[in-house]
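Here's the structure, in structure tokens; my notes come after.
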Amino acid sequence: MLWIKALHIIFVTSWFAGLFYLPRLFVNHAMVTDAATAERLVLMEQKLFRFMLPLALLALAFGLILWLHYGISGNWMHPKLLLVAVLIGYHFYCGKLLNDFKHNKNKHSHVWYRWFNELPVLVLTLVVILVVVKPF
Ligand code: HEM
């Protein structure tokens, strides 16, 4: 079980590296004015986004094993699953924003992306408190 938990934490951390960095690239992208830099940023964003999907799936799979196979759960699991759903939504919304950048259809300012970038920080903080402190 401890190996599964270790793998869960490893893949959660790796997924979050992308969830923190991809919107940070969007902040830079929203400030760019020349086409060549914008094109390079799209390539970087696409590669990162593609890499994030298997990391997310592995993080979720090991979490599900801990919950459903080893039966680790509690009242804290309900809000955790809600936050995980928010995170999955955030992940795919990043994909939509990336697609907008790719087709020069970005509608948001760099300030908007700076705020958007804070959401995974909040989710991570809440989830870690839920699984470690277990206030419920
Ligand atoms: C389908 C999604 C997920 C499920 C079912 C799940 C389930 C679990 C379970 C059952 C544990 C063991 C808790 C314990 O030992 O007391 C755990 C540990 C942990 N989970 Fe998840 N998890 C999921 C996704 C996530 C996500 C997205 C994050 C980060 C935002 C996360 C962060 C953690 C952390 C940091 C631990 C280690 C807690 C500790 O060792 O005390 N999990 N998870």
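The numbering of the sequence shown is this note's numbering, which starts it at 966 and goes up by one.
We put the CB at the ideal spot given by N, CA and C, even for glycine.
All of these numbers come straight from a predicted model, not from anything done at the bench.
Quiz prompt | Whole-angstrom C-beta distance between A995 and H1073, which should lie under 8 Å | solution = H1073 to A995, Cβ: 6 Å. Contact.
Exercise. May I have the straight-line CA-CA distance separating I1094 from K1061, to the nearest angstrom?
Key: Taking the CA atoms as reference points, I1094 sits about 30 Å from K1061.
Self-check item: Contact test: V1086 Cβ vs ligand 1 heavy atom, cutoff 8 Å
Solution: Result no, Cβ not under 8 Å from ligand 1.
Exercise. With hydrogens ignored, establish whether the beta-carbon of S1038 is closer than 8 Å to any heavy atom of ligand 1.
Key: Yes - ligand 1 has a heavy atom lying nearer than 8 Å to the Cβ of S1038.
Quiz item: M1017: buried (16+ other C-beta within 10 angstroms of its C-beta) or exposed?
Solution: In summary, M1017 is buried, with 16 or more beta-carbon neighbours lying within 10 Å of its beta-carbon over all protein chains present.
Quiz item: Using CA coordinates, which residue listed in I975, Y1078, V1092 and K1099 is at the minimum distance from A1026?
Solution: Closest by alpha carbon: I975.
Quiz item: For ligand 1, any of its heavy atoms closer than 8 Å to the Cβ of M1042?
Solution: The closest heavy atom of ligand 1 lies less than 8 Å from the beta carbon of M1042.
Exercise. For my contact list, N1071 and R989 are in at a C-beta cut-off of 8 Å; report their separation, rounded to the angstrom.
Key: 15 Å between Cβ atoms; not a contact.
Quiz item: Whose C-alpha, out of I969, W980 and H973, is nearest the C-alpha of L1052?
Solution: Of the listed residues, the one whose Cα sits closest to L1052 is W980.
Practice problem: Within the same chain, show all residues whose beta-carbon is closer than 7 Å to that of L1048, passing over the 5 residues directly before and after it, in chain order. | Solution: So the qualifying residues of the chain are V1088, L1091 and V1092.
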